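Novice:
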Amino acid sequence: LGKFQLTGIPPAPRGVPQVEVGFDIDANGIVNVTAKDLGTGKEQKIEIKSGSGLADEEVERMVKDAEAHADDDRRQRDLVEARNEAENAAYQADKQLEELGDSVDESAKENIQAAIVDVRGSLESEDAGEIRAKTEALQTAFHQVSEQMYAAAQAQAADGASAGNGAAADDSSPEGEEEVVDAEVVDGEESR
């Protein structure tokens, strides 16, 4: 129906730019499309009027074609969504694996890297189910590593807390009863 470009957006890492797109169709069949980059405030607009001059027969044929291909369109949309999810999952896992570095044990790192390779290999597939299965396998592998890391961090925190409690327990009397000491603090310089 029409094309326009939203220019002047500075380069940014994947997933950072935010573009707000709005579509408005009025009673006269005029389509107004706006796109605004939220970071820079740059905005573009286009107005598409119904001056295409299509005959009623052509419009009806197009509607029938659209209905006939609706299932294919749904499958294609599902495939594209699966590919996008898989690509994002692989990107995020790769990025997080790099950030975690040596804190992930080597076998877990190899499992995740193999799952990333599987996901990226499945992107060429035409089977959305296969792509989603590989994506879930990657997410499961990464969740297991995350759980292990959190468990290790909690265990380390618990060990630190019990070591502090253990030192206090050693100061107690042999019978296990606490000694009560009454003391008064006196400034040492005045008493000399």
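Residue numbers for the sequence shown follow the working numbering, beginning at 45 and rising by one.
Idealized CB from N, CA, C, for every residue including glycine.
Values in this document were obtained by computation on a predicted structure and should not be read as measured data.
(1) Would you mind sorting Thr179 into buried or exposed? The rule is 16 or more other CB atoms within 10 Å of its CB.
(2) Among Arg121, Arg118, Leu167, Ser151, which has the Cα closest to the Cα of Ala134?
(3) Can you tell me whether Phe186 is buried or exposed? The criterion is at least 16 other CB atoms within 10 Å of its CB, across all chains shown.
(4) Would a C-beta distance cut-off of 9 Å place Ile156 and Ala177 closer than the cut-off?
(5) Assuming Ala152 and Leu182 make a contact with CB atoms under 8 Å, what is their CB distance in whole Å?
(6) Using DSSP's beta-bridge definition, name the partner residues of Asp68.
(7) Is it true that the CB of Val75 sits closer than 9 Å to the CB of Glu91?
(8) Just the Cα atoms here: how many angstroms apart are Lys108 and Ala99?
(9) Would you say Val189 and Val224 are within 9 Å of each other, going by their C-beta atoms?
(10) State the Cα-Cα distance for the pair Ala71 and Met106, rounded to the nearest angstrom.
(11) Have a look at Ala112, Gln140, Gly145, Arg164 and flag the residue whose alpha-carbon is nearest the alpha-carbon of Glu129.
(12) Out of Ile175, Glu150, Asp171, which has the shortest C-alpha to C-alpha gap to Asp162?
(13) By a C-beta neighbour count over all protein chains shown, 10 Å radius and 16 as the cutoff for buried, is Arg127 buried or exposed?
Specialist: Looking at the coordinates:
(1) buried
(2) Leu167
(3) So Phe186 ends up on the buried side.
(4) No, they are not a contact pair.
(5) About 13 Å; that fails the 8 Å criterion.
(6) Asn76
(7) yes
(8) 14 Å
(9) no
(10) 21 Å
(11) Arg164
(12) Ile175
(13) In summary, Arg127 is buried, with 16 or more beta-carbon neighbours lying within 10 Å of its beta-carbon over all protein chains present.
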